[in-house]
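Peer 1: Sending over a structure as C-alpha cells; questions will come in a sec.
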Amino acid sequence: MLATCVTLAALAPGLAEAKTLKLGHLGNEDNSWHKAALKFAEEVKARTNGELEVQVFPNEQLGKETDLIKGLQLGTVDFTITGESLQNWTPYASLLAVPYALRDSEHMRKVVEGPIGEKIAAEIEAKAKLVPLTWFERGPRELTSNRPIKSPDDLNGLKLRVPNVPLFVSVWEALGAKPTPMAFSEVFTGLQSHVIDAQENPLALIRSASFYEVQRYVNMTDHVRSWIYLVGSQRLMNGLSDEQRKAVMEAAKAAQAYEHELFLADEERFKSELESKGMEFVEVDKAAFAKKAKAAVVKALDPSVVPLYEEMLAVK
Numbered sequence: 515m516l517a518t519c520v521t522l523a524a525l526a527p528g529l530a531e532a533k534t535l536k537l538g539h540l541g542n543e544d545n546s547w548h549k550a551a552l553k554f555a556e557e558v559k560a561r562t563n564g565e566l567e568v569q570v571f572p573n574e575q576l577g578k579e580t581d582l583i584k585g586l587q588l589g590t591v592d593f594t595i596t597g598e599s600l601q602n603w604t605p606y607a608s609l610l611a612v613p614y615a616l617r618d619s620e621h622m623r624k625v626v627e628g629p630i631g632e633k634i635a636a637e638i639e640a641k642a643k644l645v646p647l648t649w650f651e652r653g654p655r656e657l658t659s660n661r662p663i664k665s666p667d668d669l670n671g672l673k674l675r676v677p678n679v680p681l682f683v684s685v686w687e688a689l690g691a692k693p694t695p696m697a698f699s700e701v702f703t704g705l706q707s708h709v710i711d712a713q714e715n716p717l718a719l720i721r722s723a724s725f726y727e728v729q730r731y732v733n734m735t736d737h738v739r740s741w742i743y744l745v746g747s748q749r750l751m752n753g754l755s756d757e758q759r760k761a762v763m764e765a766a767k768a769a770q771a772y773e774h775e776l777f778l779a780d781e782e783r784f785k786s787e788l789e790s791k792g793m794e795f796v797e798v799d800k801a802a803f804a805k806k807a808k809a810a811v812v813k814a815l816d817p818s819v820v821p822l823y824e825e826m827l828a829v830k
C-alpha cells in the first residue's frame with residue numbers, strides 16, 4: 515500500500531521534482547551572452563511551468579569551449595554558446611566567421627534564418643550532435659592603428675597582430691599587411707613597444723583591453739561579421755516531450771530578442787566610450803577590402819564549403 519501511495523504521489527501533477535539542466539559558457543557576467551542565458555533560463559522555467567530549470571555557469575566554470583561541446587555530446591552539460599569552434603566537427607561551421615562574407619546585420623539575418631543557415635544548422639546537428647536553438651550576432655572585428663586606414667593600399671608594411679588562425683593570416687597577407695600571430699595577453703605591450711603597429715578585434719575588446727591608450731584610430735573595416743549559436747544537447751532535446759521541446763525553442767527565441775537589444779545598445783556605448791577616450795573612427799572602402807581578400811578566403815576554406823560561401827555572398 516505504501517509503495518502505491520509513493521508511486522501515485524510521484525505521478526501527481528505539480529509534485530514531481532523539476533529537472534535541472536546546465537548551461538555553461540565562456541563569457542563573464544557583464545557579457546550580453548550571459549544576460550541572454552539568464553533570460554533563457556527564466557523563460558524555460560516559466561514556459562514549462564517549472565518542469566525544467568536551467569542553471570547558468572559563466573566564466574568557463576564547466577570548462578573551455580571545446581570541453582563544453584564534448585560535455586553536451588556526453589550528456590554532462592545540456593546547453594552552451596558556441597560558434598566556429600564547431601568546425602572541428604563540421605567544416606560548415608567555419609562559415610560562421612569568414613572575412614567579408616557578410617555585408618551587414620541584415621545580410622547576416624537573411625543568411626542565418628534562410629536556407630543557408632538551415633544547411634549549416636542541420637550539419638551541426640548531424641555531425642556534432644548539437645541542436646542550434648537560436649543565434650546571436652557578434653560585434654564586427656575592426657582594425658585599430660596609429661595611422662588612418664581607408665583602403666588596402668594603406669596597409670602596406672603594417673605590422674598587424676592577428677590571432678593564430680590561418681585564414682586570418684592569409685587574408686591580411688593578401689590585403690598587404692604583415693600579420694603577426696600573437697597571444698591576446700601580449701598585444702597591449704606589443705603595441706606599446708612598437709613590436710606591432712596595429713591589431714584587430716571587436717569594439718568590446720578594444721575597450722576592455724584599453725587599446726585606446728596605445729592606438730589612435732578605429733578603422734571600421736568590419737572585416738569579420740560573425741554569429742554564434744545557443745545550442746542544446748541532441749540527447750537532451752530528443753528526450754524532452756513535444757511540449758517541453760517547443761517551450762525550450764520558444765525560450766531561446768525570447769532570449770535572442772533580448773540579447774539583440776543588449777548587443778545594439780552595447781555597440782553604441784562602446785563606440786561612444788572609445789571616442790571619449792580620444793579614438794577617431796575612420797570609414798574605409800569595404801568593397802575594396804572584400805574584393806582583394808576574396809581569393810585568399812576561397813583558398814583557405816575547405817573545398818566542400820566554398821559553394822555555400824558563394825551562396826552567402828549572393829544573398830541580397
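Just so it is clear: in the sequence shown, position 223 is 737 by the working numbering, and no numbers are missing. Even glycine gets a Cβ: it sits at the ideal position worked out from N, Cα and C.
Is it the case that the segment 719-727 contacts the segment 612-621, given that we only count it when at least three CB pairs across the two stretches are under 8 Å?
Peer 2: no
Peer 1: Excluding the 5 residues flanking A611 on each side, which residues of the same chain have their C-beta closer than 7 Å to its C-beta?
Peer 2: One-based indexing of the sequence shown puts residue 611 at position 97. Answer for A611: G597, E598, V738, S740, listed in chain order.
Peer 1: Between the segment 534-549 and the segment 566-575, do three or more beta carbon pairs fall short of 8 Å?
Peer 2: yes
Peer 1: Taking L674 as the reference, give the member of P695, L681, S707 with the closest Cα.
Peer 2: Taking the first residue of the sequence shown as position 1, residue 674 is located at position 160. Closest option to L674, Cα to Cα, is P695.
Peer 1: Got a sec, what are the start and stop residues for the beta strand (DSSP E) Y743 sits in?
Peer 2: Taking the first residue of the sequence shown as position 1, residue 743 is located at position 229. It spans 741-747 - the beta strand (DSSP E) in which Y743 sits, taken as one unbroken run.
Peer 1: For V570, which three-state DSSP category applies?
Peer 2: Position 56 of the sequence shown, counted from the first residue, corresponds to residue 570. DSSP places V570 in strand when its eight states are reduced to three.
Peer 1: Kindly give me the distance between the Cβ atoms of F593 and E773, rounded to whole angstroms, as I take these residues to be in contact under 8 Å.
Peer 2: Position 79 of the sequence shown, counted from the first residue, corresponds to residue 593. Position 259 of the sequence shown, counted from the first residue, corresponds to residue 773. At roughly 14 Å, the Cβ-Cβ gap does not stay under 8 Å, so F593 and E773 are not in contact.
Peer 1: For H708, count neighbouring C-beta atoms within 10 Å of its own C-beta (all shown protein chains included) and say buried if the count is 16 or more, exposed if not.
Peer 2: One-based indexing of the sequence shown puts residue 708 at position 194. Result: exposed.
Peer 1: Which of the three DSSP states is assigned to V738 in this structure?
Peer 2: By one-based count along the sequence shown, residue 738 stands at place 224. In the structure shown, V738 sits in a strand (DSSP, three-state: E or B).
Peer 1: Could you check where the beta strand (DSSP E) with K673 kicks off and where it finishes?
Peer 2: Numbered from 1 along the sequence shown, position 159 holds the residue referred to as residue 673. Membership of K673 in the beta strand (DSSP E) is indicated by the continuous run 673-676.
Peer 1: Is the segment 629-649 touching the segment 679-691 in the sense that three or more CB pairs, one from each, lie closer than 8 Å?
Peer 2: no
Peer 1: Could you tell me whether the Cβ atoms of I663 and V798 are closer together than 9 Å?
Peer 2: Residue numbering aside, residue 663 sits at position 149 when the sequence shown is read from its first letter. Residue numbering aside, residue 798 sits at position 284 when the sequence shown is read from its first letter. Contact flag set, yes.
Peer 1: Output the boundary residues of the alpha helix (DSSP H) element that contains I634.
Peer 2: In the sequence shown, counting from the first residue as 1, residue 634 sits at position 120. Counting along the chain, the alpha helix (DSSP H) containing I634 begins and ends at 629-642.
Peer 1: Using a Cβ-Cβ distance cut-off of 9 Å, determine whether H774 contacts chain D.
Peer 2: The question asks about chain D, but that chain is absent: this structure has only one protein chain.
Peer 1: Identify whether T703 lies in helix, strand or coil by the three-state DSSP scheme.
Peer 2: If you number the sequence shown from 1, residue 703 lands on position 189. Helix at T703.
Peer 1: Alpha carbon to alpha carbon, how far is K578 from V762? Give it in angstroms, no decimals.
Peer 2: Within the sequence shown, numbered from 1, the residue matching residue 762 stands at position 248. Within the sequence shown, numbered from 1, the residue matching residue 578 stands at position 64. Roughly 24 Å separates the two Cα atoms.
Peer 1: Per the DSSP calculation, Q713 is bridged to which residue(s)?
Peer 2: As a first step, residue 713 must be located in the sequence shown, where it is residue number 199. T658, R675, per the DSSP bridge assignment.
Peer 1: Which residues bound the alpha helix (DSSP H) around E797?
Peer 2: Reading the sequence shown from its first residue, position 283 is the one you call residue 797. Unbroken run through E797 is the beta strand (DSSP E), 794-797; no alpha helix (DSSP H).
Peer 1: Less than 9 Å separating the beta-carbons of V829 and V625?
Peer 2: For the purposes of this step, residue 829 is taken as residue 315 along the sequence shown, with counting starting at 1. For the purposes of this step, residue 625 is taken as residue 111 along the sequence shown, with counting starting at 1. Contact: yes.
Peer 1: What are the start and end residues of the beta strand (DSSP E) that includes T694?
Peer 2: On the sequence shown, residue 694 is found 180 positions in, with the first residue counted as 1. Looking at the DSSP string, the run of the beta strand (DSSP E) that includes T694 is 692-695.
Peer 1: On a Cα-Cα basis, can you pick out the residue from L647, L609, L644 that is closest to I630?
Peer 2: Your numbering for residue 630 matches position 116 in the sequence shown. Cα-wise, what sits closest to I630 is L609.
Peer 1: From which residue to which residue does the alpha helix (DSSP H) around I583 run?
Peer 2: Position 69 of the sequence shown holds residue 583. Where I583 is concerned, the enclosing alpha helix (DSSP H) starts and stops at 579-588.
Peer 1: Helix, strand or coil for P646, going by three-state DSSP, please let me know.
Peer 2: Along the sequence shown, read from residue 1 onward, the residue named residue 646 stands at position 132. Note: P646 maps to strand in three-state DSSP.
Peer 1: Quick one: residues in its chain with C-beta nearer than 7 Å to the C-beta of R561, no 5 flanking neighbours on either side, listed in chain order?
Peer 2: The residue you call residue 561 lines up with position 47 of the sequence shown. These residues qualify, in order along the chain: A761, E764, A765.
Peer 1: Looking at the secondary structure, which residues open and close the beta strand (DSSP E) in which F784 lies?
Peer 2: Against the sequence shown, residue 784 aligns to sequence position 270. It is not in any beta strand (DSSP E) - F784 instead sits in the alpha helix (DSSP H) that spans 756-790.
Peer 1: Measuring CB to CB, does Y606 end up less than 9 Å from V819?
Peer 2: Mapped onto the sequence shown, residue 606 falls at position 92. Mapped onto the sequence shown, residue 819 falls at position 305. It is a contact, given that the beta carbons lie within the stated cut-off.
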